[in-house]
Amino acid sequence: MRRSSFSPEPDCAIAQSLGVIGDGWELLIVRDLARGLSRFDELAGALHISRKVLTERLNGLVDSRIVDKVAYQDRPTRYAYQLTPRGRALLPVLVALQDWGDRWLLGDGSLTGTNAEDEPPAQRLHELVGHHVPYVELPSTAGRTVDILDVDSRATVLFGYPATGRPTPLPDGWDDIDGTTGCTLENRLFAGRYGEFTDQRIAVRGVSTQRPDEQRAFAEAEDIPHLLLSDLELELAAALRLPTFRAGGYERLKRFVLIVGADRVVQAVRYPVTDIAEAVDWAFRTA
1 MRRSSFSPEP DCAIAQSLGV IGDGWELLIV RDLARGLSRF DELAGALHIS
51 RKVLTERLNG LVDSRIVDKV AYQDRPTRYA YQLTPRGRAL LPVLVALQDW
101 GDRWLLGDGS LTGTNAEDEP PAQRLHELVG HHVPYVELPS TAGRTVDILD
151 VDSRATVLFG YPATGRPTPL PDGWDDIDGT TGCTLENRLF AGRYGEFTDQ
201 RIAVRGVSTQ RPDEQRAFAE AEDIPHLLLS DLELELAAAL RLPTFRAGGY
251 ERLKRFVLIV GADRVVQAVR YPVTDIAEAV DWAFRTA
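Pasting the structure below:
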(Lines of atoms letter the chains of each structure in order from A and count residues from 1; the text may use other names and numbers.)
(Lines give C-alpha, C1' and ligand atoms only; values in the text may rest on other atoms or scores of the structure.)
Protein backbone atom coordinates (compact mmCIF):
# COMPACT_ATOMS: atom_id res chain seq x y z
CA MET A 1 0.00 0.00 0.00
CA ARG A 2 1.52 3.28 -1.10
CA ARG A 3 0.78 6.61 0.50
CA SER A 4 0.10 8.14 -2.93
CA SER A 5 -2.56 5.53 -3.81
CA PHE A 6 -4.38 5.38 -0.48
CA SER A 7 -7.22 7.78 0.35
CA PRO A 8 -8.07 7.42 4.05
CA GLU A 9 -11.62 7.95 5.29
CA PRO A 10 -11.56 11.25 7.18
CA ASP A 11 -13.49 10.01 10.24
CA CYS A 12 -11.84 6.57 10.60
CA ALA A 13 -8.73 6.50 12.79
CA ILE A 14 -7.67 3.15 11.32
CA ALA A 15 -7.84 4.50 7.78
CA GLN A 16 -6.09 7.70 8.81
CA SER A 17 -3.29 5.71 10.47
CA LEU A 18 -2.86 3.52 7.41
CA GLY A 19 -2.52 6.65 5.33
CA VAL A 20 0.56 7.52 7.41
CA ILE A 21 2.12 4.16 8.25
CA GLY A 22 0.32 1.70 5.97
CA ASP A 23 3.37 0.75 3.92
CA GLY A 24 5.18 -2.44 4.95
CA TRP A 25 8.61 -0.86 4.46
CA GLU A 26 7.70 1.96 6.84
CA LEU A 27 6.74 -0.48 9.58
CA LEU A 28 9.98 -2.39 9.09
CA ILE A 29 11.97 0.85 9.29
CA VAL A 30 10.27 1.64 12.62
CA ARG A 31 11.07 -1.91 13.76
CA ASP A 32 14.77 -1.52 12.96
CA LEU A 33 15.02 1.96 14.46
CA ALA A 34 13.65 0.44 17.68
CA ARG A 35 16.39 -2.21 17.43
CA GLY A 36 19.05 0.51 17.56
CA LEU A 37 19.85 0.88 13.85
CA SER A 38 19.99 4.59 13.14
CA ARG A 39 22.11 5.26 10.04
CA PHE A 40 21.04 5.03 6.43
CA ASP A 41 23.55 2.34 5.45
CA GLU A 42 22.65 0.24 8.51
CA LEU A 43 18.98 0.37 7.61
CA ALA A 44 19.62 -0.37 3.94
CA GLY A 45 21.78 -3.38 4.81
CA ALA A 46 19.36 -4.81 7.35
CA LEU A 47 16.28 -4.34 5.18
CA HIS A 48 17.85 -5.30 1.82
CA ILE A 49 16.01 -2.35 0.33
CA SER A 50 17.03 -0.05 -2.52
CA ARG A 51 18.46 3.29 -1.51
CA LYS A 52 15.77 5.07 -3.52
CA VAL A 53 12.90 3.32 -1.74
CA LEU A 54 14.56 3.76 1.67
CA THR A 55 15.03 7.49 1.03
CA GLU A 56 11.38 7.87 0.04
CA ARG A 57 10.12 6.01 3.10
CA LEU A 58 12.42 7.81 5.54
CA ASN A 59 11.37 11.18 4.12
CA GLY A 60 7.74 10.19 4.55
CA LEU A 61 8.32 9.15 8.17
CA VAL A 62 10.11 12.42 8.86
CA ASP A 63 7.25 14.40 7.27
CA SER A 64 4.78 12.48 9.46
CA ARG A 65 6.84 13.30 12.58
CA ILE A 66 7.35 9.61 13.32
CA VAL A 67 11.11 9.90 12.81
CA ASP A 68 13.60 12.70 13.50
CA LYS A 69 16.58 13.29 11.23
CA VAL A 70 19.71 14.42 13.09
CA ALA A 71 23.06 15.34 11.56
CA TYR A 72 25.98 13.43 13.07
CA GLN A 73 28.72 14.44 10.59
CA ASP A 74 29.67 17.52 8.54
CA ARG A 75 31.53 17.65 5.22
CA PRO A 76 29.76 15.72 3.90
CA THR A 77 26.66 15.98 6.05
CA ARG A 78 25.38 12.62 7.18
CA TYR A 79 22.26 11.94 9.17
CA ALA A 80 21.05 9.53 11.80
CA TYR A 81 17.39 8.70 12.30
CA GLN A 82 15.57 8.22 15.58
CA LEU A 83 11.99 7.60 16.64
CA THR A 84 10.04 10.53 18.01
CA PRO A 85 7.53 10.08 20.87
CA ARG A 86 4.90 9.64 18.14
CA GLY A 87 7.06 6.92 16.58
CA ARG A 88 7.75 5.15 19.90
CA ALA A 89 4.00 5.02 20.48
CA LEU A 90 3.88 2.58 17.54
CA LEU A 91 6.03 0.00 19.35
CA PRO A 92 3.09 -1.81 21.02
CA VAL A 93 1.50 -2.05 17.58
CA LEU A 94 4.64 -3.73 16.21
CA VAL A 95 4.86 -6.13 19.16
CA ALA A 96 1.18 -7.06 18.78
CA LEU A 97 1.74 -7.63 15.06
CA GLN A 98 4.73 -9.85 15.80
CA ASP A 99 2.73 -11.80 18.38
CA TRP A 100 -0.08 -12.29 15.86
CA GLY A 101 2.38 -13.47 13.22
CA ASP A 102 4.17 -15.83 15.61
CA ARG A 103 0.87 -17.39 16.65
CA TRP A 104 -1.22 -17.45 13.49
CA LEU A 105 1.30 -17.42 10.60
CA LEU A 106 4.42 -19.08 12.00
CA GLY A 107 2.58 -21.19 14.59
CA ASP A 108 -0.53 -23.35 14.74
CA GLY A 109 -2.75 -20.70 16.34
CA SER A 110 -2.56 -22.04 19.90
CA LEU A 111 -2.01 -19.65 22.80
CA THR A 112 1.30 -20.46 24.50
CA GLY A 113 3.77 -18.83 26.84
CA THR A 114 6.76 -20.61 25.35
CA ASN A 115 8.03 -22.19 22.13
CA ALA A 116 9.93 -25.23 20.94
CA GLU A 117 13.62 -24.81 20.14
CA ASP A 118 13.03 -25.16 16.40
CA GLU A 119 10.25 -22.57 16.19
CA PRO A 120 10.88 -19.08 14.73
CA PRO A 121 10.61 -17.13 18.05
CA ALA A 122 13.34 -19.32 19.55
CA GLN A 123 15.52 -18.96 16.47
CA ARG A 124 15.02 -15.19 16.55
CA LEU A 125 16.13 -15.01 20.19
CA HIS A 126 19.20 -17.19 19.68
CA GLU A 127 20.24 -14.98 16.76
CA LEU A 128 20.80 -12.20 19.31
CA VAL A 129 24.10 -13.83 20.35
CA GLY A 130 26.92 -11.59 19.19
CA HIS A 131 24.61 -8.62 18.63
CA HIS A 132 24.68 -5.26 20.39
CA VAL A 133 21.85 -4.44 22.81
CA PRO A 134 20.60 -0.85 22.33
CA TYR A 135 20.33 1.50 25.28
CA VAL A 136 16.85 1.17 26.78
CA GLU A 137 15.75 2.75 30.06
CA LEU A 138 12.85 1.18 31.96
CA PRO A 139 11.08 1.96 35.26
CA SER A 140 12.52 -0.17 38.05
CA THR A 141 11.87 -1.26 41.62
CA ALA A 142 14.61 1.21 42.61
CA GLY A 143 11.99 3.94 42.05
CA ARG A 144 13.67 5.37 38.96
CA THR A 145 14.27 4.50 35.34
CA VAL A 146 17.50 2.61 34.74
CA ASP A 147 19.43 1.14 31.85
CA ILE A 148 18.37 -2.45 31.32
CA LEU A 149 22.04 -3.42 31.69
CA ASP A 150 24.53 -2.72 34.46
CA VAL A 151 27.60 -1.83 32.43
CA ASP A 152 29.65 -1.43 35.63
CA SER A 153 29.33 -5.17 36.19
CA ARG A 154 31.23 -7.83 34.29
CA ALA A 155 27.97 -9.10 32.84
CA THR A 156 24.22 -8.74 33.28
CA VAL A 157 21.80 -11.64 33.55
CA LEU A 158 18.51 -10.35 32.20
CA PHE A 159 15.62 -12.75 32.68
CA GLY A 160 12.15 -12.16 31.34
CA TYR A 161 9.02 -13.71 32.80
CA PRO A 162 5.27 -13.45 32.08
CA ALA A 163 3.87 -12.21 35.43
CA THR A 164 3.81 -12.87 39.16
CA GLY A 165 0.53 -13.48 40.98
CA ARG A 166 1.23 -10.97 43.75
CA PRO A 167 -0.21 -8.43 44.31
CA THR A 168 -2.50 -8.57 41.24
CA PRO A 169 -4.32 -11.86 40.63
CA LEU A 170 -3.41 -13.63 37.42
CA PRO A 171 -5.99 -13.92 34.61
CA ASP A 172 -8.46 -16.80 34.54
CA GLY A 173 -6.99 -19.83 32.81
CA TRP A 174 -3.40 -18.66 33.40
CA ASP A 175 -2.17 -22.08 34.57
CA ASP A 176 -3.59 -23.66 31.43
CA ILE A 177 -1.21 -21.63 29.22
CA ASP A 178 2.01 -23.57 28.70
CA GLY A 179 5.09 -21.81 30.08
CA THR A 180 3.37 -19.32 32.40
CA THR A 181 3.82 -20.87 35.84
CA GLY A 182 6.92 -20.43 37.97
CA CYS A 183 7.56 -16.66 37.89
CA THR A 184 7.61 -16.30 41.68
CA LEU A 185 9.83 -19.38 41.96
CA GLU A 186 12.23 -17.97 39.38
CA ASN A 187 12.57 -14.69 41.26
CA ARG A 188 13.08 -16.53 44.54
CA LEU A 189 15.80 -18.71 43.05
CA PHE A 190 17.68 -15.73 41.61
CA ALA A 191 17.21 -13.90 44.92
CA GLY A 192 18.60 -16.86 46.86
CA ARG A 193 21.81 -16.76 44.83
CA TYR A 194 22.06 -12.99 44.56
CA GLY A 195 25.20 -12.88 46.71
CA GLU A 196 26.93 -15.46 44.53
CA PHE A 197 26.18 -13.45 41.40
CA THR A 198 27.33 -10.14 42.89
CA ASP A 199 30.52 -11.73 44.24
CA GLN A 200 31.36 -12.53 40.60
CA ARG A 201 30.43 -8.99 39.49
CA ILE A 202 27.35 -10.27 37.68
CA ALA A 203 24.23 -8.11 37.81
CA VAL A 204 20.81 -9.77 37.87
CA ARG A 205 17.72 -8.02 36.52
CA GLY A 206 14.24 -9.37 35.94
CA VAL A 207 11.79 -7.87 33.46
CA SER A 208 8.06 -8.28 32.87
CA THR A 209 5.29 -6.16 31.39
CA GLN A 210 3.66 -5.63 34.77
CA ARG A 211 3.22 -2.12 36.14
CA PRO A 212 6.07 -0.68 38.28
CA ASP A 213 3.81 -0.48 41.35
CA GLU A 214 2.92 -4.16 41.00
CA GLN A 215 6.59 -5.08 40.74
CA ARG A 216 7.50 -2.97 43.78
CA ALA A 217 4.76 -4.60 45.86
CA PHE A 218 5.97 -8.05 44.79
CA ALA A 219 9.63 -7.23 45.51
CA GLU A 220 8.77 -5.94 48.98
CA ALA A 221 6.58 -8.94 49.79
CA GLU A 222 9.20 -11.44 48.60
CA ASP A 223 12.29 -9.49 49.74
CA ILE A 224 13.72 -9.50 46.20
CA PRO A 225 17.23 -7.95 46.13
CA HIS A 226 17.66 -7.74 42.34
CA LEU A 227 16.06 -5.02 40.25
CA LEU A 228 12.79 -5.69 38.48
CA LEU A 229 12.14 -3.68 35.32
CA SER A 230 8.75 -2.81 33.84
CA ASP A 231 8.45 -3.11 30.07
CA LEU A 232 4.84 -1.95 30.18
CA GLU A 233 5.32 0.16 27.02
CA LEU A 234 7.04 -2.78 25.26
CA GLU A 235 10.20 -0.81 24.40
CA LEU A 236 12.51 -3.70 25.26
CA ALA A 237 10.23 -6.24 23.59
CA ALA A 238 10.41 -4.18 20.39
CA ALA A 239 14.15 -3.49 20.65
CA LEU A 240 15.05 -7.19 20.94
CA ARG A 241 12.01 -8.64 19.14
CA LEU A 242 11.26 -10.68 22.26
CA PRO A 243 8.54 -13.34 22.04
CA THR A 244 5.26 -12.36 23.70
CA PHE A 245 1.74 -13.68 24.16
CA ARG A 246 -1.49 -11.90 25.03
CA ALA A 247 -3.37 -12.85 28.19
CA GLY A 248 -5.65 -10.86 30.48
CA GLY A 249 -5.68 -7.94 28.05
CA TYR A 250 -1.89 -7.43 28.09
CA GLU A 251 1.10 -8.55 26.08
CA ARG A 252 3.27 -10.74 28.33
CA LEU A 253 6.90 -11.69 27.87
CA LYS A 254 7.65 -15.35 27.37
CA ARG A 255 10.27 -16.69 29.78
CA PHE A 256 13.88 -16.22 28.63
CA VAL A 257 17.37 -15.59 30.02
CA LEU A 258 19.97 -13.38 28.33
CA ILE A 259 23.59 -12.92 29.36
CA VAL A 260 25.00 -9.60 28.14
CA GLY A 261 28.55 -8.35 28.59
CA ALA A 262 29.62 -4.90 29.76
CA ASP A 263 30.19 -4.07 26.08
CA ARG A 264 26.41 -4.58 25.55
CA VAL A 265 26.98 -7.63 23.36
CA VAL A 266 24.78 -10.68 23.96
CA GLN A 267 26.95 -13.57 25.07
CA ALA A 268 24.38 -16.34 25.53
CA VAL A 269 20.63 -17.00 25.33
CA ARG A 270 18.46 -19.51 27.16
CA TYR A 271 15.15 -20.09 25.41
CA PRO A 272 12.93 -21.91 25.87
CA VAL A 273 13.26 -22.21 29.64
CA THR A 274 11.84 -25.61 30.53
CA ASP A 275 13.59 -26.11 33.89
CA ILE A 276 13.71 -22.88 35.90
CA ALA A 277 16.15 -24.09 38.57
CA GLU A 278 18.54 -25.43 35.95
CA ALA A 279 18.29 -22.16 33.99
CA VAL A 280 19.39 -20.21 37.09
CA ASP A 281 22.35 -22.58 37.47
CA TRP A 282 23.13 -22.16 33.75
CA ALA A 283 23.10 -18.36 34.09
CA PHE A 284 25.63 -18.49 36.94
CA ARG A 285 27.91 -20.96 35.13
CA THR A 286 27.75 -19.13 31.80
CA ALA A 287 27.98 -15.45 32.79
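Sequential numbering from 1 applies to the sequence shown in the UniProt record's numbering.
Even for Gly, the Cβ is constructed at its ideal location relative to N, Cα and C.
Sequence-distant residues of the same chain with beta carbon closer than 7 Å to SER140, five excluded per side: VAL146, LEU227, LEU228, LEU229
Reducing DSSP to helix, strand and coil, say where GLN210 ends up. coil
Quick check: ARG252 and GLY113, are their CB atoms within less than 9 Å of each other? yes
Under 8 Å by Cβ, that's how I've got ILE177 and LEU111 pegged, so tell me the actual separation to the nearest angstrom. 6 Å
Beta carbon of LYS52 nearer than 9 Å to that of GLY160: no
Please report the distance separating the alpha-carbon of LEU61 from that of GLN200. 45 Å
Taking 8 Å as the threshold, find out whether the stretch 84–101 comes into contact with the stretch 231–242 through three or more Cβ pairs. yes
What are the uninterrupted segments assigned as alpha helix (DSSP H) that are 4 or more residues long and contained completely in the stretch 218–263, given in chain order? 235–240
Measure how close the beta-carbons of TYR157 and ALA287 come, nearest whole angstrom, since I'm counting them as under 8 Å. The sequence shown places Val at residue 157, rather than the Tyr named in the question. Contact holds; Cβ gap of about 6 Å.
Could you please give me the residues that DSSP links to ALA155 through a beta bridge? ILE202, GLY261
Looking at GLN210 and THR164, is the spacing between their C-beta atoms short of 9 Å? yes
Proximal residues to ARG31 (C-beta, below 6 Å), its chain only, five neighbours per side dropped: LEU94
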